[in-house]
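> Below you will find the structure I want to go over with you.
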Amino acid sequence: MLTYNLRLAWKSVRRYPVLSALILLGIALGVGVSTTFITAYHVLARDPVPGKSESLYYVRMNSWGAADDPFLQTPPPIVTWRDAQELLKSRIPVHSTATFASRGTVFPADGARPLRQSLRLATADFFPMFAVPFRYGGPWSREADAKPETVAVIDSALNDRLFGGADSVGRTIRVEKAELRIVGVLAPWRPRVRAFGLFGSPLQAPESIFLPLALTGPMALQPNEGQMNWRTPAPGEDKLPYASRLMVNEILFLGFWAELPNPESVKAYKSFLDAYVTEQKKHGRFPHPLNNRLTSILDLMAELKVVPPQTKALAAISLLFLVVAALNLIGLFLGKFLARASTVGVRRALGASRWTIFVQHLVECELMGLAGGALGVLLSLAGLAVLNRVYGDGPAGVAFFQLDVPMVLAAVILSLLAGAIAGLYPAWRICAIPPARHLKSQ
Amino acid sequence: MEFGPIFRSLLRSRARVILIVAEVALTLAIVANCLSLILDTRAQLAKPSGFDDEHLIAIQATPFDDRLRDPKILDQLVEQDRRTLRAVAGVRAVSHTSLRPWERSGSITAVRLPGTRNEPARTQSAEADPGLFDTLGLPIVQGRGFTQAEYDQGGDAPLSEVQPVVVSRALADHLYPGGGAVGKPIADADESQRFTIVGIVDHFYNPFGETSEKIMLLPARSASFDYGSRYLVRTQGNPAPLMPQLEKALLGVEKGRFIKLRTTVENRDEYHGRDRLLVGSLNAVMALLVLVTALGIVGLTSFSVAERQRQIGTRRALGADRLAIVRHFLLENWMVTSFGVVLGVLLAYGLNFGIVTWVAGARLSAATVAAGALALWTIGLGAALGPALRGARVQPAIATRNV
Amino acid sequence: MPMLKLDNVSKIYRTGLVETRALRDFSLTVDEGEFVTITGPSGSGKTTFLNVSGLLDAFEQGKYWLDGMDVSRLSDREMSRVRNEKIGFIFQGFNLLPDLDVFDNVDVPLRYRRLPAKERKARIEKAIAMVGLSSRLRHLPSQLSGGQQQRVAIARVLAGDPKLILADEPTGNLDSAMAREIMEILEQVNEARTTIIMVTHNPEHAARAHRQLHIADGRLVDFERITPFPLNRVEREISSRQVAG
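Residue numbers (my numbering), protein chains in the order written: chain A, 1 to 442; chain B, 443 to 845; chain C, 846 to 1090.
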């Protein structure tokens, strides 16, 4: 019966080509527009570290100096070196890391012209915390952080460029003046929202070289993505190398993350932070009232509006667009079905039940829905390509917005839904009219 | 006109009326809100920087050769670079500065009137040489710019020394609302450093951080090994063709460094990229939506004309001329569209309330809603015109054709 | 004084290459106040005659005077005006507008005449009273019987107060009781000096007219003279005895 209904639907499409094309176009536009903007929303809003967002917490403490400035009542988004070192000692979190972005020059072994590369300094825990995928080797050890060892993890693009994509674990790479031993090479990795860089540029690609945080001083690396300083350097202090000032001064430049798997550990860590700040107050630091913040990734994304509000508005508007398109189709289907009411009358006279007629017409609507939806998915690819021209700042070949399986499924469901919304009433109308009326009007 | 009978007859073709009303209402709600978002964003996009953006190139020179770690050598290099760049044909002015127009990058500092406990003003700050104002095309409207002497000693000046600064009108007015800011002092938030305003630039707009119109410019070299040195070049004509030449010239001076060049227009376009994308998307959604709705009205009206051929014939037999038939359908359509528009206005405010509450954005202005309503009325009538004209071509003799 | 005068009118339908002459050199005069019935086999040109004389359709050759006015070559606008003011139609299928109620249906021609609301209301109510449907003002056509629908159609004609009523088998879709009712109303209207031309299949109804005409093959035939002559002879004879003004 289904094949028969499909054949009837096909005949009906052939019989009214212009009308059918309009219907197809309507569904395609509705599905195309909504899939495009829902995908844009989905790519930005989805969990950036699947399975971890519940347990990854961002740490903020108000270490601003005393000043009668309302701005300083809010804890800064980053922490100082010395506070990070103390927090890293806590064993309450399963993992914890302090991290910042820098830039450095890589000197290829063959003496070719150096490369300027983005660097990320972090502790060993960084890799498991943010589910960083490796192709060769793995993260450095916690011991490497402590010593520190001159080791590095590089991304696949740099590995391709320097080592032709071979397993380069154990080989060395010169960054600034340091010879670093490669312990791991990443698999191609492009999180659309980088959870660890939410305060910097959350949509940028990750850095290409990762090194132990403890190398900051020895390698004289400087923060590249934002630092804050409230204290005027003491006389002569500004003549010190900047990297040394980072270690001893109140300069804020590190993002601090803790992995806390359950409410008990969150509570314990909160009291640990409070105890730490209370202790520091005795030494004259943290003059502001106790105001420590532990924020989960998803809350932080909401706070920082990582998904631009306009993207949300567009997603909502595009869904309404689909509704208008579906309303439109009700009219077109209604016209199409009623135009051939007499043939339905004949069918009814020949023994088709109301239900049969209803199903026949609904099948036609869903067929149009799916065909239009397929066309709509193609349209949304074009739409996303346009969006990617602006957002496409990732490594070569990675489009920022991509359709994934959930989005294609969503498009299919949307088109079936559009077909159903548009088809139910017309199909009901045509099957509800008494057959005699159809026959008479012939 | 025949409002009464048309209205009563509309009540009897409910499906068609409900469809058009719903379509028009939803479309109006969406179009009004899209328009509102577009106007909102366009206002941002239209703000000029006050600089000669079209003729500017930003150059970043980052050293990697160890020799260049010596600050003295770096300083000499700046002088050489400036001379070299200025010598390139087509270059109008050159400045060594840490100011980065449209790059979402820079430095923010807090300043206040010395000796007061007022809330400090947060302002952008940047280091600049005397040539900056010429290079940006940013005239000093009160006071003066920097002298070469101020610039030469600026970088090495001890903190205790009072530094001359040039500020934007927005900052001057904020600190000295009564005017006469030139010659007046300012200090940083903990008063460890003091400045004197020597000049004011009128229009400054460079969105970064929480302030876009306040700037404090200090005379100083801003070169360092880690962050490199930055130049702004103002060209006489189109800047893009000059870039390879400039890069070559700088590498000719010293090749132990990375040179990155971008036109300020590129930076500005990148800054505006997402907003433009938003405006473009909204425009596209609106255009497609209006198209879909217009097609819908054309379709529904065509069906209703086709369905009523015999009626039209009867009306013609009873003495309606062609114009009366066109008028009948247009009037009918206008009434339906008007229901939709009225409902749509309510819906537009509802949708706007939702967007403002849950997403963000500006309240809908009455003018925007009115523009949307007018547009939909026009579209409704335009869409009905074709089918109505077709209806008018129905021959009156159709009335005598028997069933 | 003649109400209607057709002089050598021809009407040709063209579909592709085929040409059909629906009326051939057709001449007829009907005086004011006359009640004329027209019979003829289907396809003989009765409906074309009604379309032409009702200004629903244009014709190619000949002249047509209605109420003393030459209406042979009028614009669409002028024709519409004449139809509206001078002619009333009654159709076999009633042709009421299905989504308008009784009152609004009767109102339609008056709207096109742009009469003030008060006068329209008075005329409508009077006309509906004349056909005895005052209790059904707000009923839709679908809620009425066939006879009632045709009475509404007649009320629609009466409200316009036309000089000429063209009726196209007004009783064709009705049972005999209802048909008689309709005929009685038409005769009443005719007594008030309104000219009526009625096409009918019903010989009994046809016989009630002042004059009976017969159309065959696009021409008018004197009713009494129809004899089973060979066709070419009939034609020759008719051409010499055409009923002329």
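Backbone N, C-alpha and C fix where the C-beta goes; we use that ideal spot for every residue, glycine too.
(1) What residue range does the beta strand (DSSP E) around Arg103 of chain A cover?
(2) Just tell me which of C:Asn896, C:Lys908, C:Arg866 has its CA closest to the CA of Asn853 of chain C.
(3) Pick from A:Thr80, A:Thr172, A:Trp355, A:Leu22: whose alpha carbon is nearest that of Ala736 of chain B?
(4) From which residue to which residue does the alpha helix (DSSP H) around Leu403 of chain A run?
(5) Three-state secondary structure (DSSP) at Tyr58 of chain A?
(6) Helix, strand or coil for Leu853 of chain C? Go by DSSP, reduced to three states.
(7) What in chain A is Cβ-close to Asp517 of chain B, meaning under 9 angstroms?
(8) Suppose contacts are defined by Cβ-Cβ distances below 7 angstroms. Is Phe880 of chain C in contact with Ala998 of chain C by that definition?
(9) Could you tell me whether any Cβ in chain B is nearer than 7 angstroms to the Cβ of Thr1016 of chain C?
(10) Quick one: is Pro886 of chain C near chain B, going by C-beta distance under 7 angstroms?
(11) Three or more C-beta pairs closer than 8 angstroms, one from the stretch 9-24 of chain A and one from the stretch 704-712 of chain B: is that the case here?
(12) Could you tell me the boundaries of the alpha helix (DSSP H) in which Thr278 of chain A lies?
(13) Can you give me the C-alpha to C-alpha distance between Met219 of chain A and Val798 of chain B, rounded to a whole angstrom?
(14) Check the Cβ of Tyr957 of chain C against every Cβ in chain B and list those closer than 7 angstroms, keeping chain order.
(15) For Arg704 of chain B, which residues of its own chain have a beta-carbon under 6 angstroms away from its beta-carbon, when the five flanking residues on both sides are left out?
(16) What does Arg559 of chain B touch in chain A if you count any residue whose Cβ is under 8 angstroms from its own?
(17) Can you tell me whether Phe880 of chain C is helix, strand or coil according to DSSP?
(18) Evaluate the contact criterion for the stretch 789-803 of chain B versus the stretch 884-895 of chain C: three or more CB pairs, one atom per stretch, below 8 angstroms.
(19) Please report the Cβ distance between Glu149 of chain A and Pro212 of chain A, rounded to the nearest whole angstrom; I am assuming they are in contact, meaning their Cβ atoms lie under 8 angstroms.
(20) Are the beta-carbon atoms belonging to Ile1060 of chain C and Ile857 of chain C less than 7 angstroms from one another?
(21) Do Ala302 of chain A and His361 of chain A have their C-beta atoms within less than 7 angstroms of each other?
(22) What does DSSP give as the partner residues of Lys702 of chain B in its beta bridges?
(23) Taking only the alpha-carbon atoms, compute the straight-line gap between Leu613 of chain B and Ile173 of chain A and give it to the nearest angstrom.
(24) Please list, in chain order, all residues of the same chain as Lys489 of chain B whose beta carbon is under 6 angstroms from its beta carbon, the five residues on each side excluded.
(25) Any chance the stretch 88-95 of chain A sits against the stretch 155-163 of chain A, with 3 or more Cβ pairs inside 8 angstroms?
(26) For Ala766 of chain B and Arg484 of chain B, I'd like the C-alpha separation in whole angstroms.
(27) Considering only C-alpha positions, which residue in the set B:Ala471, B:Asn475, B:Pro447 is nearest to Leu955 of chain C?
(28) Looking at C-alpha atoms only, which residue of A:Ala422, A:Leu403, A:Ser415, A:Ala382 is the closest neighbour of Ala28 of chain A?
(29) Quick check on the DSSP output: the alpha helix (DSSP H) that includes Arg7 of chain A runs from which residue to which?
(30) Hey, out of A:Phe107, A:Ala146, A:Cys431, A:Ser118, whose CA is closest to Asp125 of chain A's CA?
(31) Residues bridged to Met228 of chain A by DSSP?
(32) Beta carbon of Gly32 of chain A, beta carbon of Ala418 of chain A: below 7 angstroms?
(33) When the cut-off is 7 angstroms and only beta carbons count, does Asp711 of chain B lie next to chain A?
(34) Whole angstroms are fine: how far does the CA of Leu115 of chain A sit from the CA of Glu264 of chain A?
(35) Please list the residues of the stretch 737-754 of chain B that have a C-beta atom closer than 7 angstroms to any C-beta atom in chain A, keeping them in chain order.
(36) Which residues in chain B sit within 7 angstroms of Thr892 of chain C, going by Cβ to Cβ distance?
According to the structure data:
(1) 95-107
(2) C:Lys908
(3) A:Leu22
(4) No alpha helix (DSSP H) holds Leu403 of chain A; DSSP gives it neither H nor E.
(5) DSSP places Tyr58 of chain A in strand when its eight states are reduced to three.
(6) The residue you asked about is not Leu; residue 853 of chain C is Asn in the sequence shown. Correct three-state label for Asn853 of chain C: strand.
(7) Correct list: empty, because the minimum Cβ distance to chain A is about 16 angstroms.
(8) no
(9) Thr1016 of chain C is outside the set of residues whose beta carbon lies under 7 angstroms from a beta carbon in chain B.
(10) Between Pro886 of chain C and chain B, the shortest Cβ-Cβ separation is not below 7 angstroms.
(11) no
(12) Per DSSP, Thr278 of chain A is one residue of the alpha helix (DSSP H) stretching across 263-282.
(13) 49 angstroms
(14) Leu760, Gly761, Ala762, Ala766
(15) Ala500
(16) Asp68
(17) Three-state result, Phe880 of chain C: strand.
(18) no
(19) 7 angstroms between Cβ atoms; contact.
(20) no
(21) No. Outside cutoff.
(22) B:Gln502
(23) Those two C-alpha atoms are separated by around 48 angstroms.
(24) Counting only Cβ-Cβ distances below 6 angstroms, and skipping sequence neighbours, we find Tyr647.
(25) No, the stretch 88-95 of chain A does not touch the stretch 155-163 of chain A.
(26) About 45 angstroms.
(27) Minimum Cα distance to Leu955 of chain C is reached at B:Pro447.
(28) A:Ser415
(29) 2-15 is the span of the alpha helix (DSSP H), which, as asked, contains Arg7 of chain A.
(30) A:Ala146
(31) A:Leu252
(32) no
(33) no
(34) Cα to Cα, Glu264 of chain A sits roughly 47 angstroms from Leu115 of chain A.
(35) Leu737, Gly738, Gly741, Leu742, Phe745
(36) Thr842
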